[in-house]
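Chemist:
In UniProt numbering, the protein residues as written are 1 to 146.
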């Protein structure tokens with residue numbers, strides 16, 4: 001699968017508009033190459049460079065397989081939206097410690113079975129589904145510095 005954004009290129013700088021300081025507005029994402037037998041798509045954004053270990057910024061499940069994009073600041077009411085490591089439900093933008101640059105991995109997963117997760121799920125719940133049901137995945141990496 002291929003994932004891209006109109007906001008930044010792979011390994012490019014994520015615009016401040018999509019940071020925590022600017023109000024946590026999620027970037028536009030689009031993907032292609034979803035396998036035909038996909039039952040559901042899921043989205044994860046994490047920061048593996050966080051001082052305390054990988055930090056989860058965004059979790060979304062229950063995305064229909066025919067969906068090919070999410071708009072800027074997407075309204076996700078029709079999907080299951082998980083809790084990020086800020087303790088909030090939804091997108092939490094980049095916010096590395098001052099003086100550091102971090103990488104943010106946006107991953108879309110094609111799953112062979114529906115997750116049936118409810119709003120507020122956590123990464124561990126989704127990860128069990130990813131381990132058991134991933135058919136394909138695509139990754140887009142953005143960077144951000146403060």
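By construction, the Cβ of each residue, glycine as well, lies at the ideal position given by its N, Cα and C atoms.
Can you have a look at residue 11 and say buried or exposed, based on whether 16 or more other CB atoms are within 10 angstroms of its CB?
Modeler: By the neighbour-count rule (16 or more Cβ atoms within 10 Å), residue 11 is not buried but exposed.
Chemist: Please determine if the segment 31-40 and the segment 74-87 are in contact, where contact requires at least 3 C-beta pairs separated by less than 8 Å.
Modeler: Result no; under three Cβ-Cβ pairs closer than 8 Å.
Chemist: DSSP beta-bridge partners for residue 161?
Modeler: The requested residue 161 does not occur in the structure, where the chain is confined to residues 1 to 146.
Chemist: Report the residue from 45, 139, 85 whose alpha carbon sits nearest the alpha carbon of residue 18.
Modeler: Of the candidates 45, 139, 85, the one whose C-alpha sits nearest the C-alpha of residue 18 is 45.
Chemist: Look at the alpha carbon of residue 110 and the alpha carbon of residue 5, and state the distance between them as a whole number of angstroms.
Modeler: Rounded to the nearest angstrom, the two C-alpha atoms are 18 Å apart.
Chemist: Out of curiosity, what's the CA-to-CA distance linking residue 129 and residue 137?
Modeler: Distance between the alpha carbons of residue 129 and residue 137: 13 Å.
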